[in-house]
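One structure is given below, encoded as structure tokens.
Numbering (the UniProt record's numbering), first residue to last: 1 to 695.
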């Protein structure tokens with residue numbers, strides 16, 4: 001993926017930083033290196049140095065990759081974005097040469113930390129050299145030249161245009177260095193002369209093309225070429241959808257036994273046509289080209305600043321000067337300063353007015369955008385996280401989250417002499433209208449993102465008023481034939497970043513799998529039958545499991561632990577609790593353990609066949625196209641059955657024999673081992689033994 005860069009120095013000016021934000025949005029800049037920022041906000045897309053004198057910014061809405069690693073120093077900061085190691089620098093002109101040499105030693109160490117990644121070093125070192133266009137080389141410039149050679153960097157600066165322009169002159173101090181590996185990928189390096197920055201430094205822009213190793217591809221004819229399809233649900237015409245579904249329901253169903261794969265495919269195509277008739281397809285909106293407070297008036301004031309500065313610059317460059325030349329120069333410079341002041345004041349007023357208007361929306365919707373902003377739920381549109389990660393990092397993350405098959409021998413759970421119940425095909429109960437209504441009712445209350453087919457749950461709820469009997473017939477065929485459609489077993493993988501985790505570690509990402517809504521509707525019927533079997537026939541789940549069970553919650557789990565502790569203390573005993581965190585729990589539970597647990601709970605074979613622990617896949621977009629990963633471990637993430645299957649598979653741990661004084665309380669995968677004894681030493685020993693046996 002190509003990256004658009006911007007380099008700036010904004011002199012710790014608040015309005016210059018505001019104007020920078022507008023510039024980034026207007027040009028869809030993905031990465032910016034900013035020297036002397038007004039402040040570094042505590043956001044995920046900003047990373048600053050220790051002193052707050054330089055920062056690196058990414059624009060997720062413009063398609064920038066996230067920071068996967070960063071290092072902070074004094075006057076320098078580095079971050080890994082994609083395959084690029086980007087270093088931002090600033091060094092004050094008021095500090096002596098000896099300190100500058102020491103600073104370059106630290107900067108060199110920071111540059112080497114990024115090896116072997118291609119490196120970009122950008123910022124303001126306040127050093128002058130003829131190598132980058134200055135009329136003469138000063139002592140600091142000579143030292144910087146030698147340093148760049150020693151670390152293998154080449155300068156990008158071309159020409160002799162000043163990057164810093166003041167009333168009494170200018171200089172070239174904003175510099176861009178690159179390693180040889182990235183130099184050939186840099187395109188369009190230039191100064192932006194005709195742009196007002198509200199700073200005495202000019203913007204620098206350039207682009208970096210994607211490495212040759214990243215080429216868009218697909219995983220085959222079954223891979224989607226784009227995300228979706230998506231429909232604009234807010235523009236849904238309910239009457240049109242119901243009428244179209246009614247017309248589709250008149251189409252005759254194939255005679256004879258139901259061919260489940262073909263029928264499931266028919267439903268996907270039919271519902272896509274129904275959605276097309278009832279609502280337009282949603283197009284991916286391009287990123288906003290302006291910040292929320294920007295207006296045409298501000299754009300005009302910015303253009304006026306540029307025009308005033310040009311008049312002043314042309315007047316200064318005149319060779320033939322009139323008698324009142326200096327007076328005219330002062331007058332023109334005063335007009336330029338007044339234009340900049342008007343722009344700064346207008347930006348401040350626009351931000352205040354926009355903020356006031358934003359807060360006034362609370363009167364109409366107290367759970368609206370201000371509420372979402374406070375709780376960090378208001379995010380700008382951005383490509384999927386998987387699409388912005390480096391291909392090698394993405395492959396490592398997915399491989400760790402969805403481990404490959406290894407031979408696993410499940411512990412024997414089935415008691416000797418106990419046989420699983422079996423039903424003939426004729427005895428398997430069909431899906432009843434009541435079961436279908438209950439599943440649709442549960443779907444009605446959900447507002448989750450759809451799977452790969454893009455069909456929203458609301459569309460299914462309305463369409464099943466007419467297509468329900470045919471879908472019920474299909475679900476009954478699933479039960480009898482023991483087949484779960486292949487297209488319903490493939491989900492779309494979405495990665496979420498966890499805060500406070502190193503971005504290079506797979507543990508920093510939480511996987512969410514989006515399944516087709518119709519698949520989850522059928523799973524609700526399976527879920528209800530499994531729960532009914534556990535509660536009526538059994539054996540049921542262990543009593544100390546409180547997660548994902550009706551009528552139980554974390555409150556009940558806490559009350560159980562509290563009761564145990566109070567009882568032990570009343571008897572003069574010591575209680576020690578050890579909390580266990582199972583890494584990647586839901587994706588690492590072996591399938592043989594789940595199957596053995598289903599046998600232990602005497603689940604009928606027809607239900608065991610429909611658990612679909614085979615031929616499951618996740619698909620996800622990367623920087624080089626769509627990918628597919630086979631799953632061979634864990635419960636179906638994002639499915640309705642997933643939590644219940646976890647409880648069934650993990651139930652053996654909770655039923656294990658414990659030492660006297662050792663107890664286990666569980667909420668899904670969150671496990672608490674308690675040990676009770678007369679002394680702290682004995683309680684600690686019991687806790688260690690109980691924890692080891694549970695693990």
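Every residue gets a Cβ at the ideal spot worked out from N, C-alpha and C, and that includes glycine.
From a predicted model like this one, the values you see are computed outputs, not experimental measurements.
query                                                                                                                   : result
Any beta strand (DSSP E) of 3 or more consecutive residues that is wholly inside the segment 70-138                     : 76-81, 84-90, 119-124
Rounded straight-line distance, which links the Cα of residue 447 to that of residue 458                                : 8 Å
Every unbroken alpha helix (DSSP H) within the segment 287-352, with a cutoff of 4 residues, ordered by chain           : 296-316
Contact belief for residue 111 with residue 88 at Cβ below 8 Å, rounded distance in angstroms                           : Residue 111 to residue 88, Cβ: 12 Å. No contact.
Three CB pairs or more closer than 8 Å across the segment 523-530 and the segment 600-616                               : yes
N- and C-terminal bounds of the alpha helix (DSSP H) containing residue 466                                             : 457-481
C-alpha distance - residue 444 paired with residue 491, whole-angstrom precision                                        : 21 Å
Distance between residue 500 and residue 530 (C-alpha atoms, nearest Å)                                                 : 38 Å
Residue 8 - DSSP class collapsed to helix/strand/coil                                                                   : strand
Length of the line joining the Cα atoms of residue 418 and residue 239                                                  : Low confidence applies here, because residue 418 scores a pLDDT of 49, under 50, leaving its location unreliable; read the following figure in that light. Those two C-alpha atoms are separated by around 55 Å.
Nearest candidate by alpha-carbon position, reference residue 402, set 331, 619, 68, 606                                : 619
Backbone CA spacing between residue 39 and residue 615 [nearest angstrom]                                               : 52 Å
Length of the line joining the Cα atoms of residue 41 and residue 291                                                   : 16 Å
Continuous alpha helix (DSSP H) stretch holding residue 643: start and end                                              : 641-655
Close-in-space but distant-in-sequence residues of the same chain around residue 294 (CB under 7 Å, 5 per side omitted) : 22
Inter-residue CB distance, residue 474 and residue 264 (contact presumed, cutoff 8 Å)                                   : 7 Å
Outcome for residue 241 when other beta-carbon atoms lying within 10 angstroms are tallied against a minimum of 16      : buried
In DSSP terms, what residue 201 is bridged to                                                                           : 164
Three-way DSSP call (helix, strand, coil) for residue 220 in this model                                                 : Here the model assigns residue 220 a pLDDT of 42, short of 50, so the residue's position is not dependable and the matter cannot be decided.
Separation of residue 591 from residue 633, as counted between CA atoms                                                 : 6 Å
For residue 511, the residue or residues it bridges with in DSSP                                                        : 495
Which of helix, strand or coil DSSP assigns to residue 633                                                              : strand
Per-residue burial, residue 441 [other beta carbons within 10 Å of its own, 16 or more giving buried]                   : exposed
Rounded C-alpha distance that separates residue 598 from residue 637                                                    : 18 Å
Residue 32 - DSSP class collapsed to helix/strand/coil                                                                  : strand
For residue 149 and residue 176, believed in contact at Cβ under 8 Å, the rounded distance                              : Actually they do not touch by this definition, with Cβ atoms about 16 Å apart.
CB contact below 7 Å: residue 588 versus chain D                                                                        : Although the question refers to chain D, the structure presented lacks it and comprises just one protein chain.
Residue 156 versus residue 197: straight-line alpha-carbon distance, rounded                                            : 22 Å
Residue 195 to residue 288 span [Cα, whole Å]                                                                           : 20 Å
Three-way DSSP call (helix, strand, coil) for residue 621 in this model                                                 : strand
At least three beta-carbon pairs within less than 8 Å, the segment 621-630 to the segment 386-397                       : yes
Per-residue DSSP class, three states only, for residue 576                                                              : strand
Local Cβ density within 10 Å of residue 507, reported as buried at 16 or more and exposed below that                    : exposed
Continuous beta strand (DSSP E) stretch holding residue 189: start and end                                              : 186-192
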